[in-house]
Amino acid sequence: MVATNSVGNAGELLFAALDGGDMEESNEVLDGHPESVDARDEELRVPLHYAADCADLETFQRILRLNRTLMDAQDKFGFTPLLVSVMAGNLEVLESLIEQGAQLDLLDRDGHSAVHWAVVCGQLDVLIALQRHGAPIALADVHGAHPLHYATVRSALEEEVPPYRAEAVLHVLLRHGAQLECADVDGRTPLLWAASDGNLPAFRSLVQTGANRFSVDRDRLGVLHCAASHGYVEILREMISLMTGQKGAMTVDAKDRNSDTPLFYAATFGHFECAKLLLDKGANVNQTDKRIRTAAHCAAAKGQLRILKLLRQFGASFSLQNYRGDLPFHEAVQTGLKDVIEWFLDIDPNFVSAPNFCGRTPLHLAASKGDIELVVLLCTRGAQINALMMHKMAQLENAQSEEERTKRGRELALELTVIQQATLCAVSTLREIV
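Note that full-length UniProt numbering has the sequence shown beginning at 1, numbered continuously upward.
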């Protein structure tokens with residue numbers, strides 16, 4: 001709180017007194033140095049900012065009278081004394097500022113309005129006062145988010161805001177005409193924010209008020225996608241119940257812009273309960289997206305063994321190839337997770353040498369990663385080394401330029417070294433087993 005202008009020590013004394021809540025000391029400084037109200041600290045705050053936070057009304061008004069031109073002063077974050085009073089819940093100071101003509105529509109550097117801050121800080125009485133004085137509630141911040149967006153997200157609120165107050169804040173906005181379908185820069189409505197946050201009470205309130213439950217963002221992600229990707233099974237269950245019997249409504253296999261269904265998201269992030277609910281409700285376990293991946297490919301790519309076992313129980317095929325010809329097993333090899341790889345091989349030993357459309361086998365993938373331990377595992381399970389070498393030699397022969405031939409040659413030399421080392425280890429391991 002070091003004063004940065006010519007007011008100097010008097011300003012520092014006033015900042016310190018106000019920050020410590022010592023009104024007697026603050027008034028003594030003002031008695032001797034009325035010019036101290038013009039001081040700025042290192043964050044460009046003036047004493048009026050400090051007073052709006054914690055001073056009594058009399059002290060605040062005295063500071064304001066000494067220099068009314070600072071009533072709408074902004075610090076380096078764009079905070080005005082009015083915004084500070086909103087954050088602090090200093091209702092008396094807020095009312096005084098409004099009566100004195102402070103601007104209600106000034107925004108901070110991130111585009112947050114007084115209503116944004118009342119919502120985020122859970123200042124219910126302040127929010128009601130702002131509504132009474134006509135503060136705009138439909139202003140979007142730099143992310144395109146309205147106050148209603150933040151009212152649906154528990155993690156966006158200050159930690160000390162109790163759930164009942166958060167719900168009351170949401171209801172005040174809804175009663176005063178907040179736009180239900182306002183969208184942020186990603187095209188996400190407050191309902192999608194609530195689904196992504198797992199805020200079931202907010203989700204229900206929005207639906208009951210008339211929010212479009214089938215809205216999607218710019219990536220075509222809907223409520224089911226958002227809930228499944230974050231593991232919020234209660235939101236999933238609620239949404240599915242709302243869809244039941246609705247003609248023309250979205251299904252549990254609703255597709256985003258990449259044709260990924262909610263099951264893809266639950267599988268990718270390992271949300272078992274969400275995946276099971278979707279499957280129980282009829283999700284297509286072998287649905288493919290634009291890259292011809294299945295949920296099994298996604299689960300394998302993230303090493304989600306429990307999800308893979310669940311998918312198998314519901315009839316998932318592990319022999320379906322994506323656009324590169326990769327099986328889920330190829331994806332598992334890329335992770336290097338031995339328990340997942342061995343589980344696949346126990347299901348079908350033939351996966352061990354299965355090539356994709358480019359002729360790349362699991363052994364090739366393991367060698368290109370330099371994972372000798374994995375190469376040993378694949379060799380002990382019967383991987384064909386010759387297939388790998390034939391593929392690499394063909395790549396070398398088909399190289400179009402000297403630079404490309406050099407690059408391919410180096411890759412081949414590296415992988416040959418890995419294979420040679422791994423083969424020796426594999427032979428040794430097999431001898432120990434025998």
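Backbone N, C-alpha and C fix where the C-beta goes; we use that ideal spot for every residue, glycine too.
- G122: which of L148, L70 and A296 sits nearest, CA to CA? L148
- Message: Quick check on DSSP: helix, strand or coil for Q100?
- Response: helix
- Query: Cα separation between residue 516 and Q74?
  - Reply: Since the first and last residues shown for the chain are 1 and 434, residue 516 lies out of range.
- Message: Do A301 and L311 count as a contact pair if the criterion is CB distance below 8 Å?
- Response: no
- Message: Under 8 Å: do the stretch 228-242 and the stretch 196-204 share three or more Cβ pairs, one atom per stretch?
- Response: yes
- Message: If distances are taken between C-alpha atoms only, which option among G32, F329 and A354 comes closest to W343?
- Response: F329
- Assuming T209 contacts L174 under a Cβ cut-off of 8 Å, what Cβ separation, rounded to an integer in Å, is found between them? 5 Å
- Task: Would you tell me roughly how many angstroms separate the C-alpha atoms of P262 and V46, rounded to the nearest one?
- Result: 51 Å
- Message: For I240, which residues in the same chain have their Cβ closer than 6 Å to its Cβ, ignoring the five residues on either side in sequence?
- Response: K281
- Along the chain, which unbroken stretches of the alpha helix (DSSP H) at least 4 residues long are found entirely within the UniProt repeat "ANK" (186-218)? 190-197 and 200-209
- Do V29 and A52 have their C-beta atoms closer together than 8 Å? no
- Cα-Cα, which of D289, N350, A266 and E42 is closest to N258? D289
- CA-to-CA distance, L365 to D284, given in whole angstroms: The residue you asked about is not Asp; residue 284 is Asn in the sequence shown. If I take the Cα positions, the gap works out to 29 Å.
- Take K338 as the anchor and find which of L44, L378, L107 and D217 has the nearest alpha-carbon. L378
- May I have the straight-line CA-CA distance separating D256 from A156, to the nearest angstrom? 26 Å
- Query: For M243, which three-state DSSP category applies?
  - Reply: helix
- Message: Considering only the alpha carbon of each residue, which of D41, S96 and R213 lies closest to E181?
- Response: R213
- Opening and closing residue of the alpha helix (DSSP H) in which K309 lies: L305 to Q313
- Query: Nearest-angstrom Cα distance between F77 and S113?
  - Reply: 13 Å
- Query: Which runs of the beta strand (DSSP E), 3 residues or longer, sit entirely within the stretch 252-336?
  - Reply: none
- Task: Select from L191, T268 and A202 the residue whose C-alpha is nearest the C-alpha of L170.
- Result: A202
- Task: Check L107 in the structure and name its three-state DSSP category.
- Result: coil
- Whose C-alpha, out of F79, W117, V115 and D72, is nearest the C-alpha of Q100? D72
- Taking K276 as the reference, which of L308, A118, A140 and D110 has the closest Cα? L308
- Cutoff 8 Å; reference P349; Cβ partners in own chain excluding five residues on either side: R381 and G382
- Query: Are there 16 or more other CB atoms within 10 angstroms of the CB of C226, so buried, or fewer, so exposed?
  - Reply: buried
- Message: Tell me the residue span of the alpha helix (DSSP H) that contains F15.
- Response: N9 to D19
- By Cβ distance, which residues of its chain are closer than 6 Å to V223, with the 5 residues on each side in sequence left out? A195 and M239
- Along the chain, where does the alpha helix (DSSP H) that runs through Q61 open and close? L57 to L66
- Query: Should P34 and L13 be called a contact, given that it needs their Cβ atoms to be closer than 8 Å?
  - Reply: no
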